[in-house]
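The structure appears below as structure tokens.
Numbering (this note's numbering), first residue to last: 1010 to 1151.
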């Protein structure tokens, strides 16, 4: 792991690549969906997309080993996307949601935790004035 990264990308078990047959059927489904969309929009290219879909389906059923190089490239592309997209999404969530909420809370003076230190306080225990739970409510909770 490099010193500049917070996330440890090393895993106990490396991710397993899916089977070549499943990869071929997935690609056939994707290209068939594209062909359907092209047909819906009256494009003249829908037979080409349907042909690519049929080629992937035939390859997946008859000779899935031919799809191994493409599957390997697709798998490594997915790992690369994971390394780029996951930190980007987390940064977007933090800087787009968490930080603005924190800044607004600070701006309006809202402190969700009473974390101020008071030397003169005997205790930080908060006394409940009215116990809302009946006695024995902690027994047989589930």
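We treat Cβ as the ideally placed atom computed from N, Cα and C, and that holds for glycine.
Given the structure is predicted, the values throughout are model-derived calculations rather than measurements.
| Check | Outcome |
| --- | --- |
| For residue 1028 and residue 1041, believed in contact at Cβ under 8 Å, the rounded distance | About 19 Å; that fails the 8 Å criterion. |
| Rounded straight-line distance, which links the Cα of residue 1080 to that of residue 1025 | 12 Å |
| Collapsed DSSP secondary structure at residue 1054 in the structure displayed | coil |
| Distance, residue 1119 Cα to residue 1023 Cα | 45 Å |
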